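Q: Residue numbers (UniProt numbering), protein chains in the order written: chain R, 1 to 285; chain C, 1 to 319.
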Amino acid sequence: MNPHNKSIEELKDIAAQVRRDIVRMVHAVNSGHPGGSLGCTDYFVSLYFKIMNYSTDFNMDGKGEDLFFLSNGHISPVWYSTLARSGFFDVAELATFRKLNSRLQGHPATEEGLPGIRIASGSLGQGLSVATGAAQIKKLNGDNNLVYVLMGDGEVEEGQVWEAAMYAAHHKVDNLIATIDLNGQQIDGSTDEVMSLGSLRAKFEAFGWTVLEADGNNFETLIPGLEQAKAETGKGKPVMLLMHTEMGYGVDFMMGSHKWHGVAPNDEQLEIALQQLMVKHASDY
Amino acid sequence: MKDFPYTEKKDTRSGFGAGLLELGRTNPNIVGLCADLTGSLKMDAFQKEFPERFFQVGIAEANMIGLAAGMTIGGKIPFTGTFANFSTGRVYDQIRQSVAYSGKNVKICASHAGLTLGEDGATHQILEDIGMMRMLPHMTVINPCDFNQTKAATIAIAEHEGPVYLRFGRPTVPNFTPADQKFEIGKAVMLNEGTDVSIFATGHLVWKAILAGHILAEKGINAEIINIHTIKPIDAEAILKSAAKTGCVVTAEEHNRFGGLGDAVAQVLVANNPVPQEYVAVNDTFGESGTPDQLMEKYGLTENDIVAAVERVISRKNG
């Protein structure tokens, strides 16, 4: 079961704290990716404080617990903050993000041994394959827990994603819940401008997946969406949750634009952002 | 010059298949993945006996590497199988990020390496794979010389924690190493002690080096022949000990002269004891269609090429 299992009201407060961490982390090193991190904050908080069964006593094999893989590794700030806030390591370590000799690399890595991370990611398109392999081994090991993986929407332009999509359906990997962060933005502009994605629902359904959709910035719909995704596992098909988010969610001037994909706020912008991200009991690192 | 008797010629890929089958029977954590080349890789016996531990990936090598990386999580030891080209160049970034950088216990097993794939031509004859894999931190690179050694290497790498690139081939070659050999990763094998030149060979070129040793003996040249089956980590101690004794070196490999065994040996020599060295390797070119023997001759990888290189390097030593 989930070690925290918070109420929706509590999740909102945790999400605001995670968003504060994100903007402070990228501001401190004037680099990193706040836009996608802010957009996916509610998803991460849902997984780690409500949905997933896991232990914060991290071990690489993760037998007997759910696994999470982040394929679009550039949104590392939201993952690091969530891991720290859920007890994998001290929140003070967030201050080392992207600095020399840190375990919190620009993109997630296992090399430095950060608890909670099981594979390096950053070069896009690889996480669905990794998660699918891990899910098959769960079955082989008689482990009934689930495997979660998050991808970006621009990321599905990578061909390997579709190799994995075909494979997971063929091999009936039905203990896998993939999520695509549909924020409609990538570095060079909107996905419509850069590379039209068409209907991802139709594409994944045609590949043999069960496809669900949810609003990713609203716990009242996201939690039921994730619960429904869990309910769809074990039925012979991999499960895809198309999650609609807004890039930069929670900080008004970062919302709805690809411009904050990989840019950090300056001092003034940070102050404005923090004023918008109010927490009942703020505990900034 | 010692004799190396053998009873039959066998392909090294079949040594891999035999090793994998034996591993399947002795280690329940072994899993196999193949990208639509199960027969070519000789993985069919493993597939038949352990269908629940074999994963057909289809023609999707990038996915196969990612799957294998994921399969290590939960304690399994994945062996991936496809041709050497599709095992390395096609999936370099997948290996780099998901396997090597992530420190995953994946065994990348690659058949049809080098020119001896033959008639399929240059698209399938990779001559750069040792170099690519050698450059990756954490990666171990092994190129055994015959059926028995490939089988022993396959079994040995399962006991080694960490990513391994195991390279072998299609043609039948004399199966002369002992069936009961203990394969030690990173440990060169002394085949013939000599005093005039050190021949360091890997893979299919080991047998060519033995043939060259007999020709050289008739010419009064006493060659030391060492099988460097592990190119990374390289056995620097064995290389330096032999080079100190003979004072000159020939390296022989079925690979481009850039990045392979020759460069690995040269790195050891220049930093410690820079004696003259000659390369027997493909001279920075792609291959082409032809029979394996025709290609080895055209691209300079025969016993006669090794003999010529030995004569050149001895003359440089004495120069």
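Quick reminder that beta carbons are idealized off the backbone N, C-alpha and C, glycines included. Small disclaimer: the values here were computed from a predicted structure and weren't measured.
Distance, Cα to Cα, Tyr43(R) vs Ala84(R)?
A: Roughly 16 Å between the two C-alpha positions.
Q: For a cutoff of 7 Å on Cβ pairs, would you count Asn145(R) as touching chain C?
A: Not closer than 7 Å to any Cβ of chain C, the Cβ of Asn145(R) fails to qualify, so no.
Q: Does chain R have any CB closer than 7 Å to the CB of Gly287(C)?
A: No, no contact with chain R.
Q: So is Val18(R) in contact with chain C if we call contact Cβ pairs under 7 Å?
A: Cβ-Cβ to chain C under 7 Å: no for Val18(R).
Q: Taking only beta-carbon atoms, is Gln94(C) less than 7 Å away from chain R?
A: Gln94(C) counts as touching chain R.
Q: Can you list, in chain order, the residues of its chain whose CB lies under 6 Å from that of Ala109(R), leaving out five sequence neighbours each side?
A: Contacts found: Ala120.
Q: The alpha helix (DSSP H) spanning Ile108(C) covers which residue range?
A: Premise fails: Ile108(C) lies in the beta strand (DSSP E), Lys107 to Ser111, not in any alpha helix (DSSP H).
Q: Determine the direct distance from the alpha carbon of Asp61(R) to that of Asp13(R), and round the result to whole angstroms.
A: Each residue's alpha carbon lies about 31 Å from the other.
Q: Give the list of continuous alpha helix (DSSP H) stretches no shorter than 4 residues that lie fully inside the segment 204-241 of chain R.
A: Correct list: 219-232.
Q: By DSSP, does Gln269(R) sit in helix, in strand, or in coil?
A: Reduced to three states, the DSSP call for Gln269(R) is helix.
Q: Give a yes or no on whether 7 Å exceeds the smallest Cβ distance from Thr110(R) to chain C.
A: Yes, Thr110(R) lies at the interface with chain C (some Cβ there is under 7 Å from its Cβ).
Q: If the criterion is Cβ atoms closer than 7 Å, does the pair Val99(C) and Pro163(C) meet it?
A: Yes. Within cutoff.
Q: Is Gln97(C) close to chain R, meaning its C-beta is less than 7 Å from at least one C-beta of that chain?
A: Yes - at least one Cβ of chain R is within 7 Å of the one on Gln97(C).
Q: Tell me which same chain residues have a C-beta within less than 8 Å of the C-beta of Glu246(R), skipping the five on either side of it?
A: Here the set comprises Gly39, Asn183, Asn217, Met255 and Gly256.
Q: Relative to the alpha-carbon of Lys73(R), which residue among Thr210(R), Leu104(R) and Gly64(R) has its alpha-carbon at the smallest distance?
A: Per the sequence presented here, residue 73(R) reads as Gly, with Lys not at that position. Closest by alpha carbon: Leu104(R).
Q: Taking 7 Å as the threshold (C-beta atoms), are Ser81(R) and Val18(R) in contact?
A: Yes. Within cutoff.
Q: For Trp207(C), tell me which candidate among Arg96(C), Ser87(C), Glu52(C) and Pro144(C) has the shortest Cα-Cα distance.
A: When each option's Cα is compared against that of Trp207(C), the closest is Pro144(C).
Q: Going by alpha carbons, who is nearest to Gly169(C) out of Asp11(C), Ala264(C), Asn272(C) and Ile73(C)?
A: The residue with the shortest Cα to Cα distance from Gly169(C) is Asp11(C).
Q: At which residues does the alpha helix (DSSP H) containing Gln181(C) begin and terminate?
A: Looking at the DSSP string, Gln181(C) is not in any alpha helix (DSSP H), and its letter there is neither H nor E.
Q: Determine the DSSP secondary structure at Phe147(C), reduced to helix, strand or coil.
A: Of the three classes helix, strand and coil, the one that applies to Phe147(C) here is helix, per DSSP.
Q: Helix, strand or coil for Ser198(C), going by three-state DSSP, please let me know.
A: Of the three classes helix, strand and coil, the one that applies to Ser198(C) here is strand, per DSSP.
Q: Pair every Cβ in the segment 63-75 of chain C with every Cβ in the segment 89-108 of chain C, then say whether three or more of these pairs are closer than 8 Å.
A: Touching, yes.
Q: Per DSSP, what kind of secondary structure is Gly81(C) in: helix, strand or coil?
A: Strand.
Q: May I ask you to report which of helix, strand or coil DSSP gives Ala252(C)?
A: Strand at Ala252(C).
Q: Would Gly234(R) pass as a contact of Asp174(R) if the rule is Cβ separation under 7 Å?
A: In this structure, Asp174(R) lies closer than 7 Å to Gly234(R) by Cβ.
Q: For chain R, is any of its Cβ atoms less than 7 Å away from the one on Asn63(C)?
A: So, interface residue.
Q: Quick check on the DSSP output: the beta strand (DSSP E) that includes Glu278(C) runs from which residue to which?
A: Gln277 to Val282 is the span of the beta strand (DSSP E), which, as asked, contains Glu278(C).
Q: Determine the direct distance from the alpha carbon of Val239(R) to that of Leu94(R), and round the result to whole angstroms.
A: If you take the alpha carbons of Leu94(R) and Val239(R), they lie about 32 Å apart.
Q: Can you pull the DSSP bridge partners for Cys34(C)?
A: Partner(s): Gln56(C) and Gly81(C).
Q: What residues in its chain sit with their C-beta under 8 Å from that of Asp129(C), if we drop five residues either side in the sequence?
A: Hits under 8 Å: Ala84, Asn85, Ser87, Thr88, Gly89, Ala110, Ala113, Tyr165, Arg167 and His255.
Q: Among Glu161(C), Leu191(C), Asp284(C) and Thr140(C), which has the Cα closest to the Cα of Leu115(C)?
A: Looking at the Cα atoms, Asp284(C) is the closest of the given residues.
Q: Between the Cα of Thr82(C) and the Cα atoms of Ser40(C), Lys104(C), Ile155(C) and Asn192(C), which residue gives the shortest distance?
A: Of the listed residues, the one whose Cα sits closest to Thr82(C) is Ser40(C).
Q: Can you tell me the Cα-Cα spacing of Pro51(C) and Glu155(R), whole angstroms?
A: About 33 Å.
Q: Thinking Val161(R) and Leu128(R) are a contact (beta carbons under 8 Å), I'd like their distance in whole angstroms, please.
A: Sure, about 6 Å apart at Cβ, within 8 Å.
Q: Comparing the C-beta of Gly133(R) with each C-beta of chain C, is any distance below 7 Å?
A: At least one chain C Cβ lies under 7 Å of Gly133(R).
Q: Counting only C-beta atoms, is Lys107(C) closer than 7 Å to chain R at any point?
A: Answer no: the Cβ-Cβ gap between Lys107(C) and chain R never drops below 7 Å.
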